[in-house]
Structure formats: C-alpha cells, structure tokens
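Peer 1:
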Amino acid sequence: MDDATLAGLRAALAASPDNLPLLGMILGGLAEREAHEEGLRLLGSHAPDDLDPKACIAAATLLALAEERERGLAFYRSAVTAAPPLEDRELEARLSTKPAEVPSGKPQLRVLSSGRLEGEGGEVDTLFDSPQQTVTFEDVGGLDDLKKRIRRKVMLPMQKPSLFKRFRKRAGGGVLLYGPPGCGKTLMARATAGECGASFFNVAISDVLDMWFGESEQKLHDIFVKARESSPSVLFFDEVEAIGGRRRHSQSTSSANLVSQFLSEMDGFDGHNEGVLVLGATNVPWAVDPAFRRPGRFDRVLFVPPPDRAAREAVLSIHLAERPLADDVKVGPLAKKTSGYSGADLEEVVETAADLAIEASIEADAEVPICQAHLIEALSEVRPTTTEWLTTARNYARYANEGGQYDEVLDFLSKHGKR
Ligand SMILES: Nc1ncnc2c1ncn2[C@@H]1O[C@H](COP(=O)(O)OP(=O)(O)OP(=O)(O)O)[C@@H](O)[C@H]1O
Ligand SMILES: [Mg+2]
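So this note's numbering is basically just the index in the sequence shown, starting at one, shifted up by 1206.
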C-alpha cells in the first residue's frame, strides 16, 4: 500500500471511526510499515471478532512487534481458523512463547527395526509397551468378504478358545495374507488386531535378518515367548517371503536355521501358542516355502484382492473424510474410472487432489475445498499398479496351482474378465 492511499484511508477513518473494514485496511498498511505504535492505538480494544481474517493477521503482526504475544496469538488463531491459507508459521513462532507444535504425521506401524533392537538385554521388551493407534475394520474400505472370513476363521477362535477346544479345533496357528502391493494386507493385519482387542506386534523380517545374524534364532524365540505372555496377541510378520523363501534358494545355513526355528515356533510344540495368532503377509506367495503351509503353520491362506468398484468408492470416501470438500465431489464416477487402482493408488489420488486444492487456496488467499476437477486431474497423474501383479499371479494360478492354493486369484480374474 502506498503512502498516499494510506493517508486517504486515515482521513476516511477519522470521518467514520466505526468503519471496521476500513480500520482493517489501515492496519494492513501499518503492519507492512511495522508502525506498531500507531497501529495499536487504532486497534484500541477491538477483539478478533471485529475484524476480517486478513486484518486479524495485520493486528497479530503489530502485536508481535509490540511483544504483546498473548493477545497477538488470539488474533492470529482467529484468522487461521477462519481462513487456513493465511497460516504463517513464522508469525506464529514469534507470538508463541513455546515453539510451534509440528503436527504429527500419520500413525505409524510399530516395526521391529534395528534401532529398537540395539542395546543390552531385554530389547524385545521395548516392542511391547509403546502405545499405538487402534485401527479397526471400519478403516478398511471394501474387502467385505475377507472381513467376514477373518471374523470366522481368525477372531472367533481367539474370542472363544474353550468352545473351539471342545470341538478339537486349534485356536492359534497362522494366517497368510497375499495379494498385490498396496491393497491393504498390512492395514488388514492391524485392523484384525484392533478388532479382537489383541496386542499387535509387527515384525519386519528384512530387518530381522540383517540385524540378527547368528543370534537370530534366539531373538525369534524371544519374540514368540513375549507374544505368548501377552496373549491374546497378534504377531505380524510382514514380507514373510524374506524368511520363508523356498529353502533351496537360501544358500546360507544361518537363514536355513532361522527358517527351522520359525517353523518350530509356529508349531508351538507344547501347544503353547494358544491365543497367539501369527499373521503373515506377502505379495510373492509363490516364493514362500511350501513347508510354511502345513497344518498348524500358515494353514489359512487368504487373498487380499484389488478393490472392486464398491470397495474403491469406500476407500476414496475413507481418505476424503475430514478434508474440506466441495459439494460437487462424487466418488461414484471416480470409482468407475479407477479399475486396477490399489487402495494405496487411490490414497495417492486423494493426496494429489489435496495438493491441488492447497495450491489453489494459496493463490486465492482463501480456503478452496477439494472439488471434482481436482480429483479428476489427480487421476491422470496417478497410474494403477495392480495389473502387473495380476499378470504374474495368473501364470502361477494357471500352471502351478498346487492344492488349489490360487483358486481365489482365478475366481477374481474370471469375475473381472481377465482370465
Ligand atoms: N482397503 C483399503 N481401505 C483403505 N485404505 C487402503 C486400503 N487398501 C490400501 N489402503 C491404503 O494404502 C496404504 C497401503 O496399504 P497396505 O500397506 O496395507 O498395503 P499392502 O497390501 O500391505 O502392500 P505391500 O504389499 O506393498 O506391503 C494403506 O496405508 C492405506 O492408506
Ligand atoms: Mg504391507
């Protein structure tokens, strides 16, 4: 704002001192000039509610210069609540006595990684006490059939062990989830734990193998012991092919020993695995040692398919929830256009659309919600990733379908006309 304009506005305000929009404009000009003495005199005892968001930012800037932090923060917060694009972390930091809080990211899976395992003795313990965000089936879009089967085959035996014992059914053992990348295997494993109120331990095998050279077997044993102690519990081995890769492919004896250890832990020779559910996930099931599939081990093998149309709608809705949305957003047509997209791909579409809306908001200096056009533009930027996996899986299902292990894949392919 140039000096002449400012002088004109001052004169106008002198003539009508109650004109709040005018006051707001002048505060803007004064904030630019860092003229806080005059600014605060004009602001007087006005409250944030008296001013529009931009004027509130000007007032907050002036108050920051005068080191009236608390009042400044009230103006700043009011502005940002009404108009999030005005967020200005530097100003906020100047007004805060405490450093500005950085919002924490998405809940992370607890991964048994090298960092956690270092140090003397009892390392495995550190796995078991950190609090975690609960995920339930509600957070998983679609996959209704799988949810039903997990309820029946996995959760019920955990919830009613005596009943199962009477019928001489085991409550324990393992379930192997397999399917294309990004379609919710890890998410489903977490949700299963959340649904049965069990403790959930996520073990990333690739980390285990790197870290535990030599001592691996003992550590693996300790993990199972801990899981048994805190039963009911779900022990989740992601990328299980890393440990259960066909033994003829693994040259080193140490990894062969680890496989044997893993198998005997799963057998739970004293029947002590009650209440411990071992979940495994892999996107290369054909690389998993068949010995892992024997009764009592991963004897239940479940296919986690790419989301169908209804599931894609659900996944999109889950990821769009709690974001500012325009009225024209319709997930139906988007679901129709995204055949072959995985859940992770769809999440990426939403993220990209949100980026577009943020850019538009910054340009407009006002919150622009995510609209259908943003989502459609995002679609063209994100490619579906499940096709390649399905092509490979089809070959195994056709030519190496021992014991009908890939029947579910064949079903899926024929339902979707890809067989
Ligand atoms: N059915 C779904 N509902 C909601 N979100 C989903 C779904 N499937 C995938 N996602 C999203 O995609 C992300 C990746 O999914 P997840 O890690 O479960 O895939 P995965 O099958 O384990 O893949 P990978 O084989 O690469 O390990 C999830 O964190 C979630 O945000
Ligand atoms: Mg995964």
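Glycine included, each C-beta is placed from N, C-alpha and C at the ideal position.
Does the distance from the CB of A1266 to the CB of L1297 come in under 8 Å?
Peer 2: Cβ distance < 8 Å, so A1266 and L1297 count as in contact.
Peer 1: Which same chain residues, not among the five before or five after L1581, have their C-beta less than 8 Å away from its C-beta?
Peer 2: Result list for L1581: V1535, L1540, V1555, V1556 and A1559, in chain order.
Peer 1: Given this structure, state the Cα-to-Cα distance separating A1210 from A1217, to the nearest angstrom.
Peer 2: If I take the Cα positions, the gap works out to 11 Å.
Peer 1: Can you grab the Cα-Cα spacing for the pair L1619 / R1515, in whole Å?
Peer 2: Computed Cα separation, rounded: 15 Å.
Peer 1: Go through its chain and collect everything with a Cβ distance to C1577's Cβ below 6 Å, but skip five positions before and after it.
Peer 2: Contacts found: A1532 and D1534.
Peer 1: P1291 and D1561 look like a contact to me (Cβ under 8 Å); what is the Cβ gap, rounded to whole Å?
Peer 2: No, P1291 and D1561 are not in contact; Cβ-Cβ is about 14 Å, not under 8 Å.
Peer 1: Can you find a heavy atom of ligand 2 that lies under 7 Å from the Cβ of A1448?
Peer 2: No - ligand 2 has no heavy atom lying nearer than 7 Å to the Cβ of A1448.
Peer 1: Between V1482, I1411, P1386 and P1387, which has its C-alpha nearest T1398's C-alpha?
Peer 2: That would be V1482, whose Cα lies nearest to the Cα of T1398.
Peer 1: Taking a cut-off of 7 Å, which residues have a beta-carbon closer than that to any heavy atom of ligand 2, in chain order?
Peer 2: In chain order, the hits are K1391, T1392, D1444 and A1487.
Peer 1: Below 7 Å, is the gap between the Cβ of I1263 and the nearest heavy atom of ligand 1?
Peer 2: Because no heavy atom of ligand 1 lies under 7 Å away, the Cβ of I1263 does not count as near it: no.
Peer 1: Measure the CB-CB distance between Y1384 and P1491 and report whether it falls below 8 Å.
Peer 2: Going by C-beta atoms, Y1384 is nearer than 8 Å to P1491.
Peer 1: Is DSSP giving N1463 helix, strand or coil here?
Peer 2: Note: N1463 maps to helix in three-state DSSP.
Peer 1: Should the segment 1392-1408 be regarded as contacting the segment 1603-1612, the criterion being three or more beta carbon pairs within less than 8 Å?
Peer 2: Because the criterion of three Cβ pairs below 8 Å is not met, the segment 1392-1408 and the segment 1603-1612 do not touch.
Peer 1: Identify every run of the alpha helix (DSSP H) within the segment 1243-1285, keeping only runs that are complete inside it and at least 4 residues long; order them along the chain.
Peer 2: Here the runs fully enclosed are 1259-1271.
Peer 1: Ligand 1 and P1387: does the residue's C-beta get closer than 7 Å to at least one heavy atom of that ligand?
Peer 2: Result yes, Cβ under 7 Å from ligand 1.
Peer 1: If you draw a straight line from the C-alpha of L1228 to the C-alpha of L1249, how long is it?
Peer 2: Each residue's alpha carbon lies about 12 Å from the other.
Peer 1: May I ask whether a heavy atom of ligand 1 can be found less than 7 Å away from the beta carbon of E1565?
Peer 2: For ligand 1, not one heavy atom lies less than 7 Å from the Cβ of E1565.
Peer 1: Please state whether DSSP places S1620 in a helix, a strand or coil.
Peer 2: If DSSP states are grouped into helix, strand and coil, S1620 belongs with the helices.
Peer 1: Which same chain residues, not among the five before or five after I1524, have their C-beta less than 6 Å away from its C-beta?
Peer 2: Taken in chain order, the residues that qualify are G1347.
Peer 1: Assign R1247 to buried or exposed, taking buried as 16 or more other Cβ atoms, counted over all protein chains shown, within 10 Å of its Cβ.
Peer 2: By the neighbour-count rule (16 or more Cβ atoms within 10 Å), R1247 is not buried but exposed.
Peer 1: How would you write the range of the alpha helix (DSSP H) that A1433 sits in, first residue to last?
Peer 2: Run containing A1433: S1422 to E1435, per the alpha helix (DSSP H) assignment.
Peer 1: Are the Cβ atoms of G1278 and L1257 separated by less than 8 Å?
Peer 2: No, the Cβ-Cβ distance between G1278 and L1257 is not below 8 Å.
Peer 1: Using only the alpha-carbon positions, how far apart do C1389 and A1299 sit?
Peer 2: In a straight line, the C-alpha of C1389 is about 40 Å away from that of A1299.
Peer 1: Is V1555 near ligand 1 - that is, is its Cβ less than 7 Å away from at least one heavy atom of it?
Peer 2: No, Cβ of V1555 sits at least 7 Å from all heavy atoms of ligand 1.
Peer 1: Check V1360 in the structure and name its three-state DSSP category.
Peer 2: Three-state DSSP puts V1360 in a helix.
Peer 1: What residue from V1360, F1468, G1235 and Q1467 has the CA that sits closest to P1438's CA?
Peer 2: Closest option to P1438, Cα to Cα, is V1360.
Peer 1: Starting from R1506, follow the beta strand (DSSP E) in both directions and report where the run begins and ends.
Peer 2: It spans R1506 to F1509 - the beta strand (DSSP E) in which R1506 sits, taken as one unbroken run.
Peer 1: Cβ of A1550 versus every heavy atom of ligand 1: is any distance shorter than 7 Å?
Peer 2: Yes, ligand 1 has a heavy atom inside 7 Å of this Cβ.
Peer 1: Measuring only the C-alpha atoms, how far is S1586 from E1569?
Peer 2: The alpha-carbon atoms of S1586 and E1569 are separated by roughly 22 Å.
Peer 1: Smallest Cα separation from K1542: which of E1528, V1521, R1529 and A1527?
Peer 2: That would be V1521, whose Cα lies nearest to the Cα of K1542.
Peer 1: Can you give me the Cβ contacts of T1544 inside the same chain, cut-off strictly under 6 Å, excluding the 5 residues immediately before and after it?
Peer 2: So the qualifying residues of the chain are R1518.
Peer 1: Exposed or buried, what is L1226 when buried is set at 16 or more other beta-carbons lying within 10 Å of its beta-carbon?
Peer 2: When all chains shown are included, L1226 counts as exposed.
Peer 1: Would you call V1510 buried or exposed, if buried means 16 or more other Cβ atoms sit within 10 Å of its Cβ?
Peer 2: Burial call: buried.
Peer 1: Express the C-alpha separation of L1616 and V1409 in angstroms, rounding to a whole number.
Peer 2: Cα to Cα, the separation comes out at about 30 Å.
Peer 1: With a threshold of 6 Å on Cβ separation, who are the neighbours of P1309 within its own chain once the five nearest residues in sequence on each side are excluded?
Peer 2: Low per-residue confidence applies at P1309: pLDDT is 47, beneath 50, and the placement is therefore not dependable, though the value from the model is reported in the following sentence. Taken in chain order, the list of residues that qualify is empty.
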